[in-house]
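Sequential numbering from 4 applies to the sequence shown in our numbering.
Here the structure comes first, spelled out in structure tokens, and everything after it is commentary.
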Amino acid sequence: QQTRWLAHHGTRALAVDLPGHGDSEGPALTSVGDLAAWAAGLADALGDRIHLIGHSMGAFIA
């Protein structure tokens, strides 16, 4: 619901699954450092200024 609300108000919002979780492909990353590096790589690939929000383990990674 949050991503739809943000999109409706002109903000691009992405909800991603961490590697090996949800609908993502590939093996799960096992350390917080590896997950944080993956998230940093995603942020770099987007190339925009971002606001990173996480829930539960995602908040720790963010």
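Idealized CB from N, CA, C, for every residue including glycine.
Computed from a prediction, not measured in an experiment: that's the story for all the values here.
So what does DSSP say about residue i, is it helix, strand or coil?
i	result
residue 20	coil
residue 62	helix
Going by Cα to Cα distance, which pick from the options is closest to residue i?
i	options	result
residue 28	19, 36, 6 and 35	19
residue 49	32, 13 and 17	17
Which residues in the same chain have their Cβ closer than 8 Å to the Cβ of residue i, if we skip the five residues on either side of it in sequence?
i	result
residue 55	42, 46 and 65
residue 26	20
residue 32	21, 22, 23, 38 and 41
So, residue i versus residue j, is the Cβ gap smaller than 8 Å?
i	j	result
residue 30	residue 23	yes
residue 21	residue 9	no
Under 6 Å Cβ to Cβ from residue i, same chain only, skipping five residues before and after it: list those, please.
i	result
residue 53	46
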